[in-house]
Amino acid sequence: MSSSDAATRTSPPPSPGPAPVVDVEQAEAALVEHYPRLVRLGYLVLPPSLGRNRRVLTAHWLTQRALPRARTTVERAMVPAQRGAGRPGGDPGYGYVRLRVLRSALEAGLPLRRRAWPRRAQLPPLLPQVWGLRLFPRSGGADELALDQRLSALGGPARAAFVLRGLERLPDAEVRRILEGAGVEDPHAALAEADGVAASYELLDSPEFDPCSLQARPPDLMRRRQHGRAALAATAAALVCGTLLALPGDGLAPGTPAAPAYARNPAAEAALDPEELTRVGAGEWRRSARTDFSVWPARGSLTGDRELLGRALAVWARPGPSVQVSATPGTASGAPPGPAQLLYAGEVGRARVVVLHDGLRLVRYAEPRSGAGGGAALDFARVDGAAQATSGAVVVGRGKGEVRYLTAPWVRTVAVRDLREPGAPARELDRSADGVTAPLAAVAPSTDCTEVAALELREDGPGAGGTRLVTDLGELTPAHLTSGRPQSPGEVDGQAARASWARTACLLGAVRSNGVRSVNSWAYAAQRLPEGNGTATWVCTRAETWRGAGSRVLAQFQAPGKDTGAIAARAQDSPACGAREPRVLAGVLWKSRAGHWHVLAAGSKDVASVRVTGGAQGSARGNTLAAPARKGARAQLRGRLADGTEVSALR
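In the working numbering, the protein residues as written are 244 to 894.
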């Protein structure tokens with residue numbers, strides 16, 4: 244249950260009193276409960292010069308050794324009251340372990356001195372260790388990369404001040420006290436230096452800085468083999484490894500961001516030959532029985548650049564340590580199984596971009612143009628089973644708050660529509676002759692949600708679906724938006740469908756970066772509110788993924804007069820609200836204009852009765868219910884179909 248009238252409360256400042264005492268059990272409970280937050284804090288404060296893999300392991304190591312040995316008295320200044328929902332509060336156990344993590348992370352950034360023993364935090368972590376892998380967080384966008392670069396230019400105390408402000412939501416007075424407790428000599432100077440970072444604090448919650456959600460890649464395999472050969476030089480196996488390692492290189496030009504090859508395989512070498520790339524003709528899609536990525540023609544001004552295509556294939560097969568690799572959930576990031584299909588090769592903004600398709604995945608390789616800074620990037624997206632509706636566009640460029648798309652050859656015109664303004668006309672978006680759109684503002688999820696941009700694609704040719712609406716959810720392929728009952732969803736091409744999506748659009752942030760293929764939204768019930776407060780609408784929104792698993796379902800309560808619906812319930816990997824099981828039941832705690840609280844519930848039209856127990860009591864025939872309740876009440880919902888089958892509330 245959730246209330247549509249939720250309000251943010253500010254905790255009062257801590258009252259003076261004796262210093263709290265923390266024992267091992269209290270500190271351990273705080274560490275276990277807030278472990279991901281503490282590790283993120285340590286990761287952000289550690290010096291970037293350690294490298295992403297070393298920072299991840301060190302952040303976990305410092306957090307795991309932050310427990311006290313016995314009961315410990317903690318200064319009250321170290322456990323200030325937190326502000327904002329979901330914060331750890333004034334728990335002295337959390338304040339203690341946070342201070343320990345912060346102090347150790349700052350010590351790890353101190354330079355080693357010739358005549359002094361190194362501190363423990365300055366040494367490589369003993370545990371945890373992962374042999375044969377390099378671990379690093381998932382790559383974010385251009386804004387996260389810019390913030391990481393700005394933080395790397397700061398000193399350790401200034402970086403800690405910025406993180407305490409943004410991640411912990413602490414006022415400057417509390418930040419100064421914590422920095423003093425961590426041994427910082429001049430907290431005022433640290434805060435002043437942190438003021439120079441022009442970036443949103445919300446970026447600190449990005450997966451880019453989450454050392455608990457990791458990607459794995461092998462280290463330098465060449466060096467590992469060399470070490471093994473040296474250790475086993477007297478054995479026959481070492482002689483064989485030495486022979487393989489002594490083979491000549493792969494012929495790539497110096498500076499190519501691919502890792503070195505250490506063995507020859509004729510089939511694998513054929514997949515890396517630019518001359519073997521499949522190139523579809525410009526009009527093939529008109530004659531083909533399929534209309535998907537397999538019939539996209541090869542486009543772009545650099546389709547004949549053999550060196551660029553060779554680098555893209557080599558990096559795909561063996562991404563070097565300098566390459567930023569990202570993949571949608573459930574997408575393999577391995578080498579191509581055979582010669583791939585070339586979809587695009589050209590210049591997009593300040594980068595040279597190559598887009599490839601291997602039948603199961605889209606792969607986007609990007610490298611900076613001559614004179615442009617930055618490194619190479621490799622993005623993977625799963626697209627097996629794509630149809631015409633889900634293969635209309637691909638992101639070819641993203642950065643500085645903008646995104647560019649490469650559109651399908653059957654797309655006749657492209658327009659931009661603000662989902663928040665259903666009555667406003669669509670704005671035409673220019674495209675190049677190769678099908679690349681002009682830059683479009685990439686609207687990130689925000690609390691105000693003033694605009695949610697979507698592409699309106701008008702199609703041509705056989706099987707054309709008229710107008711389709713897709714939107715960017717932070718991945719390589721945009722999500723296809725539909726409206727209507729799950730058994731037969733339709734395109735969002737009418738005023739009624741757009742009006743329904745206008746109050747749902749702001750909730751799309753809840754399904755971002757999840758490998759989403761399509762999102763369907765439909766109103767499953769209408770309910771007359773008690774005390775003459777009008778009629779509310781209940782909406783179910785289901786996001787389907789390319790991998791099948793991981794679907795997300797949101798039940799919304801749309802009160803009259805509100806611009807955005809409130810999430811009443813959510814579920815993952817549930818068949819509810821889908822083609823297999825279109826029924827749904829959800830409830831919400833609601834406050835009337837007169838100040839009275841009620842439990843409201845609604846099910847889809849096949850729900851014959853609803854009952855509520857627990858913090859509220861009541862039952863009703865039909866698919867809607869309203870029962871008096873108290874503020875903060877927690878209740879349980881049950882529904883029944885006409886045949887007596889019980890239906891549980893969405894969760």
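Glycine included, C-beta positions come from ideal geometry on N, C-alpha and C.
Values in this document were obtained by computation on a predicted structure and should not be read as measured data.
In whole angstroms, what separates the C-alpha of ASP448 from that of TRP789?
As a position in the sequence shown, residue 448 is number 205, starting the count at 1. As a position in the sequence shown, residue 789 is number 546, starting the count at 1. Each residue's alpha carbon lies about 25 angstroms from the other.
May I ask you to report which of helix, strand or coil DSSP gives GLU519?
Locating residue 519 in the sequence shown gives position 276, where the first residue counts as 1. Correct three-state label for GLU519: helix.
Tell me whether the beta-carbon of ARG836 lies closer than 7 angstroms to the beta-carbon of SER852.
Within the sequence shown, numbered from 1, the residue matching residue 836 stands at position 593. Within the sequence shown, numbered from 1, the residue matching residue 852 stands at position 609. It is not a contact, given that the beta carbons lie outside the stated cut-off.
If you measure from the CB of ALA676, is any heavy atom of the ligand NAD nearer than 6 angstroms?
This structure lacks the ligand NAD; in fact it carries no ligand of any kind.
So what does DSSP say about GLU702, is it helix, strand or coil?
Translated into positions along the sequence shown, residue 702 becomes position 459. Looking at GLU702 - three-state DSSP - the assignment turns out to be strand.
Taking the beta carbon of ARG561 as the centre, do at least 16 other beta carbons fall within 10 Å, making it buried, or is it exposed?
Indexing the sequence shown from 1 puts residue 561 at position 318. Label assigned to ARG561: buried.
Where GLU423 and TYR278 are concerned, what is the direct C-alpha to C-alpha distance, given to the nearest angstrom?
Reading the sequence shown from its first residue, position 180 is the one you call residue 423. Reading the sequence shown from its first residue, position 35 is the one you call residue 278. So the two alpha carbons sit approximately 23 angstroms from each other.
Can the beta-carbon of VAL659 be found less than 7 angstroms from the beta-carbon of ALA619?
For the purposes of this step, residue 659 is taken as the residue at position 416 of the sequence shown. For the purposes of this step, residue 619 is taken as the residue at position 376 of the sequence shown. Cβ distance not < 7 angstroms, so VAL659 and ALA619 don't count as in contact.
So what's ALA583 in DSSP terms, helix, strand or just coil?
On the sequence shown, residue 583 is found 340 positions in, with the first residue counted as 1. The answer is coil: DSSP assigns ALA583 none of H, G, I, E or B.
Distance check for GLY717 and SER382, CA to CA, integer angstroms please.
Counted from its first residue, the sequence shown places residue 382 at position 139. Counted from its first residue, the sequence shown places residue 717 at position 474. Each residue's Cα considered, the two are about 11 angstroms apart.
Assuming contact is defined by CB atoms lying nearer than 7 angstroms, are ALA878 and GLY846 in contact in what I supplied?
By one-based count along the sequence shown, residue 878 stands at place 635. By one-based count along the sequence shown, residue 846 stands at place 603. No, Cβ-Cβ distance for ALA878 and GLY846 is not below 7 angstroms.
Within the continuous beta strand (DSSP E) that includes SER569, where are the two ends?
Taking the sequence shown and counting its residues from 1, one reaches residue 569 at position 326. Counting along the chain, the beta strand (DSSP E) containing SER569 begins and ends at 567 to 570.
By the 10 Å Cβ neighbour count, where 16 or more other Cβ atoms means buried, how is GLU889 classified, buried or exposed?
Along the sequence shown, one-based indexing puts residue 889 at 646. Looking at its Cβ environment, which holds fewer than 16 other Cβ atoms inside 10 Å, GLU889 is exposed.
Taking DSSP as the reference, what is the three-state secondary structure of GLU711?
The residue you call residue 711 lines up with position 468 of the sequence shown. Just to set this straight, residue 711 is Arg in the shown sequence, not Glu. ARG711: strand per DSSP, three-state reduction.
Are the CB atoms of ARG813 and LEU797 within a distance shorter than 7 angstroms?
In the sequence shown, residue 797 corresponds to position 554, counting from 1. In the sequence shown, residue 813 corresponds to position 570, counting from 1. Closer than 7 angstroms, so yes.
Counting Cβ pairs closer than 8 angstroms, one from the region 636 to 643 and one from the region 587 to 607, do we hit at least three?
Yes, the region 636 to 643 is in contact with the region 587 to 607.
Tell me, to the nearest whole angstrom, how far the beta carbon of GLY426 is from that of LEU349; I am working on the premise that it is less than 8 angstroms.
Counting from one through the sequence shown, the residue named residue 426 turns up at place 183. Counting from one through the sequence shown, the residue named residue 349 turns up at place 106. With a Cβ gap of about 7 angstroms, GLY426 and LEU349 count as contacting.
If distances are taken between C-alpha atoms only, which option among TYR648, ARG419, GLN860, TRP744 comes closest to GLY666?
Against the sequence shown, residue 666 aligns to sequence position 423. Taking only the C-alpha atoms, the option nearest GLY666 is TRP744.
Take every Cβ of the region 549 to 564, pair it with every Cβ of the region 672 to 684, and state whether three or more of those distances are shorter than 8 angstroms.
Output reads no: the region 672 to 684 does not touch the region 549 to 564.
Use the C-beta contact count for THR546: other C-beta atoms within 10 angstroms, 16 or more gives buried, fewer gives exposed.
As a working mapping, residue 546 is identified with position 303 in the sequence shown. Counting Cβ neighbours within 10 Å, THR546 comes out buried, since at least 16 surround it.
Measuring only the C-alpha atoms, how far is GLN307 from ARG894?
Start at 1 with the first residue of the sequence shown, and residue 307 comes out as number 64. Start at 1 with the first residue of the sequence shown, and residue 894 comes out as number 651. The straight-line gap from Cα to Cα measures roughly 33 angstroms.
Please report the Cβ distance between ALA583 and SER576, rounded to the nearest whole angstrom; I am assuming they are in contact, meaning their Cβ atoms lie under 8 angstroms.
Within the sequence shown, the letter at position 340 stands for residue 583. Within the sequence shown, the letter at position 333 stands for residue 576. Not really, about 14 angstroms apart at Cβ, beyond 8 angstroms.
Only counting the same chain, and skipping five residues up and downstream in sequence, which positions put a Cβ closer than 7 angstroms to that of ALA811?
Sequence index remark: in the sequence shown, residue 811 carries index 568 (1-based). Excluding residues within five positions, the ones whose Cβ falls inside 7 angstroms are SER245, ALA798, GLN799, PHE800, ALA829, GLY830, VAL831.
Does DSSP classify ASP886 as helix, strand or coil?
If you number the sequence shown from 1, residue 886 lands on position 643. Reduced to three states, the DSSP call for ASP886 is coil.
State the CB to CB distance for the pair THR650 and GLY678, rounded to an integer number of angstroms; the pair is presumed to be in contact (CB under 8 angstroms).
Position 407 of the sequence shown, counted from the first residue, corresponds to residue 650. Position 435 of the sequence shown, counted from the first residue, corresponds to residue 678. Right, the Cβ-Cβ distance comes to about 5 angstroms (below 8 angstroms), so this counts as a contact.
If the criterion is Cβ atoms closer than 7 angstroms, does the pair ARG728 and TRP765 meet it?
Counted from its first residue, the sequence shown places residue 728 at position 485. Counted from its first residue, the sequence shown places residue 765 at position 522. Closer than 7 angstroms, so yes.
Below 8 angstroms CB to CB, which residues in the same chain sit around THR693 once its five sequence neighbours on both sides are set aside?
Here residue 693 is taken as the residue at index 450 of the sequence shown, counted from 1. Answer for THR693: ARG663, listed in chain order.
For TRP296, which three-state DSSP category applies?
Position 53 of the sequence shown, counted from the first residue, corresponds to residue 296. Correcting the residue type first, residue 296 is Asn in the shown sequence and not Trp. The answer is helix: DSSP assigns ASN296 an H, G or I state.
Is the CB-CB distance between LEU843 and ALA869 below 7 angstroms?
Numbered from 1 along the sequence shown, position 600 holds the residue referred to as residue 843. Numbered from 1 along the sequence shown, position 626 holds the residue referred to as residue 869. In this structure, ALA869 lies closer than 7 angstroms to LEU843 by Cβ.
Within 10 Å of its beta-carbon, does SER891 have 16 or more other beta-carbons around it, so buried, or fewer, so exposed?
Working through the sequence shown from its first residue, we reach residue 891 at position 648. Exposed, by the Cβ-count rule.
Mind checking GLY628: buried by the 16 CB within 10 Å criterion, or exposed?
The residue labelled residue 628 in the question sits at position 385 within the sequence shown. That one is exposed.
Using 8 angstroms as the Cβ pair cut-off and three pairs as the minimum, do the region 287 to 298 and the region 399 to 414 touch?
These segments touch.
Once DSSP output is grouped into helix, strand and coil, what is the label at LEU880?
For this step, residue 880 is matched to residue 637 along the sequence shown. Three-state DSSP puts LEU880 in a strand.
Give the straight-line distance between the Cα atoms of VAL904 and PRO517, rounded to the nearest whole angstrom.
No information on residue 904 is available, as it lies outside the stretch 244 to 894 that the chain covers here.
Determine the direct distance from the alpha carbon of ARG420 to that of GLU774, and round the result to whole angstroms.
Against the sequence shown, residue 774 aligns to sequence position 531. Against the sequence shown, residue 420 aligns to sequence position 177. Roughly 52 angstroms between the two C-alpha positions.
Comparing alpha-carbon positions, which option in PRO572, PRO652, LEU397, TYR339 lies nearest LEU719?
On the sequence shown, position 476 is the one that residue 719 refers to. The residue with the shortest Cα to Cα distance from LEU719 is PRO572.
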